[in-house]
Amino acid sequence: MIWESHFWKDDLLKQAIELRKRKTQTRWPESSFAKLERVLMLGFYSVRKLHESNKLSTSTMTQAIPLVEYPTTGKEITLLNWHHFHELYDFDEATTVDRDVLFVCHQFVHSFVFSPVFDDNDRLDGVMFASDRQRHTSLLQISIDQIIRLFDEVGNDYPSSATYKLNSKTGDYDVVTS
Numbered sequence: 010m011i012w013e014s015h016f017w018k019d020d021l022l023k024q025a026i027e028l029r030k031r032k033t034q035t036r037w038p039e040s041s042f043a044k045l046e047r048v049l050m051l052g053f054y055s056v057r058k059l060h061e062s063n064k065l066s067t068s069t070m071t072q073a074i075p076l077v078e079y080p081t082t083g084k085e086i087t088l089l090n091w092h093h094f095h096e097l098y099d100f101d102e103a104t105t106v107d108r109d110v111l112f113v114c115h116q117f118v119h120s121f122v123f124s125p126v127f128d129d130n131d132r133l134d135g136v137m138f139a140s141d142r143q144r145h146t147s148l149l150q151i152s153i154d155q156i157i158r159l160f161d162e163v164g165n166d167y168p169s170s171a172t173y174k175l176n177s178k179t180g181d182y183d184v185v186t187s
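Residue numbers for the sequence shown follow the working numbering, beginning at 10 and rising by one.
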């Protein structure tokens with residue numbers, strides 16, 4: 010449980026700055042890919058942990074995050090072929106879907122497929138990803154601008170009130186923060 014959230018939130022703001030810098034980068038050695046993956050993995054883990062500690066407003070966590078979704082081609086996505094994901098998902102059948110923040114956090118934290126997306130000028134434009142469970146259904150894509158906005162929003166989200174209601178099924182409290 011996170012007691013003092015500002016340390017975590019300050020790091021998210023720094024990660025947003027790092028991602029802004031990555032948007033202008035045009036050379037991508039392997040170390041840059043690793044740093045990007047680490048920033049995103051730790052960033053989304055931090056968002057999830059802040060949420061679990063009731064340190065974020067409910068409105069932040071329930072907002073709709075627009076994603077592009079690509080269905081599978083029917084072929085199995087495995088440890089030995091995931092890096093050929095361009096052959097395993099149908100990129101002609103893309104649809105736009107909205108998911109909440111926690112869903113996106115889980116996808117990144119448990120990512121099985123992870124690949125940066127670049128624009129025509131070799132600049133970072135987004136990320137394709139799918140968790141170990143999601144990989145069997147579809148591949149998702151999020152824009153880097155959406156991630157930056159989310160990290161900025163979470164980094165500046167300091168709820169001022171909370172209501173607690175005992176949940177008889179879980180034996181613990183449901184919390185709504187604002």
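Glycine is no exception: its CB is placed at the ideal position from the N, C-alpha and C atoms.
Inter-residue CB distance, residue i and residue j (contact presumed, cutoff 8 Å)
i: ILE157; j: ALA25; result: 5 Å
i: ASP181; j: LYS174; result: Not a contact, Cβ separation roughly 10 Å.
i: GLY164; j: LEU65; result: Incorrect: roughly 10 Å between the Cβ atoms, too far for contact.
Candidates the options, of which the one nearest residue i by Cα
i: THR69; options: TRP12, THR172, ASP166, ALA171; result: ASP166
i: PHE123; options: LEU111, HIS95, ASP101, ASP99; result: HIS95
i: ALA171; options: SER41, ASN63, GLU27, GLU85; result: ASN63
i: PHE112; options: TYR79, TYR54, LYS84; result: TYR54
i: PHE127; options: GLU27, GLN150, HIS93; result: GLN150
Bounding residues of the alpha helix (DSSP H) (the contiguous stretch that carries residue i)
i: THR67; result: 67-71
i: THR33; result: 15-33
i: LYS174; result: Segment 171-176 is the beta strand (DSSP E) holding LYS174; no alpha helix (DSSP H) there.
Proximity of residue i and residue j at Cβ, strictly below 9 Å
i: ARG108; j: LEU76; result: yes
i: PHE121; j: ALA103; result: no
i: ILE153; j: ASP129; result: no
i: THR33; j: ARG132; result: yes
i: THR81; j: ARG144; result: yes
i: VAL56; j: VAL106; result: no
is_contact[residue i, chain C] using C-beta, thresh 9 Å
i: GLN155; result: Among the protein chains of the structure shown there is no chain C, as only one such chain exists.
Residue environment, residue i, which counts as buried when at least 16 other CB atoms sit within 10 Å
i: GLY52; result: buried
i: LEU148; result: buried
i: LEU3; result: Only positions 10 to 187 of the chain appear in this structure, which leaves residue 3 out of reach.
i: PHE160; result: buried
i: THR186; result: buried
i: SER169; result: exposed
i: ARG47; result: exposed
i: PHE42; result: exposed
i: LYS18; result: buried
i: MET137; result: buried
i: PHE16; result: exposed
i: HIS93; result: exposed
Segment limits, beta strand (DSSP E) that includes residue i
i: GLN150; result: 147-152
i: MET10; result: Counting along the chain, MET10 falls outside any beta strand (DSSP E), and DSSP gives it neither H nor E.
i: PHE121; result: 120-127
i: SER140; result: 133-140
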